[in-house]
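Trainee: In my numbering, the protein residues as written are 30 to 128.
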Amino acid sequence: MPAELQRRSGGRQNGFQHEVGFASLGIGLAGIYASNLDSPSTWIVASLSGGIFMLLAGFNHIVEIVPEKNYAPGNTAILLSDLGVPISLFVLLISTSAI
């Protein structure tokens with residue numbers, strides 16, 4: 030299976046993927062915590078932390094796609110969530126009058 034993961038992501042697998050997973054877990058837990066509070070400020074903080082992380086991850090994928098021509102599915106299809114989630118969070122914050 031590791032060879033399949035390498036093929037889909039277009040690169041070598043290393044410990045960095047674990048670190049990103051841990052960061053995602055922390056951001057997700059912050060989102061769950063914020064969702065249980067009736068405080069727009071906690072929603073904003075959780076949205077900013079997750080949204081900025083994903084937005085910058087998306088830009089990093091674009092940097093790998095354009096000059097390096099890395100069109101692996103794990104590097105291109107992930108852009109849907111990397112860019113879509115931060116945009117959705119921003120729209121939700123505006124629509125709920127949190128910001």
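By construction, the Cβ of each residue, glycine as well, lies at the ideal position given by its N, Cα and C atoms.
Here the structure is a predicted model, which is why all the values come from computation and not from measurement.
Compare the Cα-Cα distances from A127 to each of V114, G55, S76 and report the closest residue.
Mentor: In the sequence shown, the residue the question calls residue 127 occupies position 98. Considering only alpha carbons, the answer is S76.
Trainee: Is the beta carbon of G60 less than 7 Å from the beta carbon of P115?
Mentor: As a working note, residue 60 is residue 31 in the sequence shown. As a working note, residue 115 is residue 86 in the sequence shown. Going by C-beta atoms, G60 is not nearer than 7 Å to P115.
Trainee: Following the continuous alpha helix (DSSP H) through V120, name the residue where it begins and the one where it ends.
Mentor: What you label residue 120 is simply residue 91 of the sequence shown in a count that begins at 1. Run containing V120: 108-124, per the alpha helix (DSSP H) assignment.
Trainee: Whose C-alpha, out of G57, I56, K98, F82, is nearest the C-alpha of D111?
Mentor: Sequence index remark: in the sequence shown, residue 111 carries index 82 (1-based). For D111, the nearest C-alpha among the options comes from F82.
Trainee: Would you check if the distance between the CB atom of S70 and the CB atom of I56 is smaller than 7 Å?
Mentor: Looking up residue 70 in the sequence shown gives position 41. Looking up residue 56 in the sequence shown gives position 27. Not a contact, by the Cβ cut-off of 7 Å.
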